[in-house]
Amino acid sequence: SEGIMQGVEQIIDKINRLPLEDLIVKLSKTVEDTDMVVKDIHTPLKSVLIQLKDTVHHLNEMTGKKSFARMPDEINRTLAELKKTLKTTKGVLRGYDHNSLLGRQLSQTLKSVTKTSQEMQQFLDMLNRKPNSLIFGDK
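Numbering-wise (my numbering), the sequence shown opens with residue 109 and increments by one.
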């Protein structure tokens with residue numbers, strides 16, 4: 109009985125150390141920053157913001173589930189949405205002067221979103237390589 113409890117505690121500890129919360133916080137911060145930058149600009153950027161919020165919503169839904177069994181598929185869909193959003197954002201940015209304050213702020217926001225996307229891809233690669241790494245670690 110004590111061995112089972114220790115095993116359960118170890119599994120819970122490993123789950124608690126997953127970087128998901130940090131990634132969600134980074135992505136949420138990016139969405140908040142984007143919201144401030146694009147408040148008064150044209151509809152295409154507002155559409156991008158909606159897509160980013162949807163992405164964060166999907167990530168929050170995904171990490172709130174008790175079972176992570178379908179996590180790799182959900183992460184793939186979320187990353188696909190994020191990549192689509194980044195492409196749309198880059199297309200919209202081409203219409204703005206890179207030397208303007210707005211252009212610089214949007215460029216910085218895109219860099220942050222790209223970094224978060226890369227971190228999520230690394231996490232997904234780990235899950236694809238070793239699905240039981242959520243329980244037993246990546247080593």
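Ideal Cβ positions, reconstructed from N, Cα and C, are used throughout, including at glycine.
| query | result |
| --- | --- |
| Alpha carbons only, please: which of 239, 245, 158, 195 is nearest the one belonging to residue 225? | 195 |
| Does the distance from the C-beta atom of residue 157 to that of residue 186 stay below 8 Å? | no |
| Given this structure, state the Cα-to-Cα distance separating residue 126 from residue 235, to the nearest angstrom. | 12 Å |
| To the nearest angstrom, how far is the alpha carbon of residue 198 from that of residue 129? | 27 Å |
| Along the chain, where does the alpha helix (DSSP H) that runs through residue 240 open and close? | Looking at the DSSP string, residue 240 is not in any alpha helix (DSSP H), and its letter there is neither H nor E. |
| Measuring only the C-alpha atoms, how far is residue 218 from residue 135? | 11 Å |
| Beta-carbon within less than 7 Å of residue 112's beta-carbon, same chain only, minus the 5 sequence neighbours each way: which residues are those? | none |
| From residue 169 to residue 110, what does the alpha carbon distance come to, in whole angstroms? | 34 Å |
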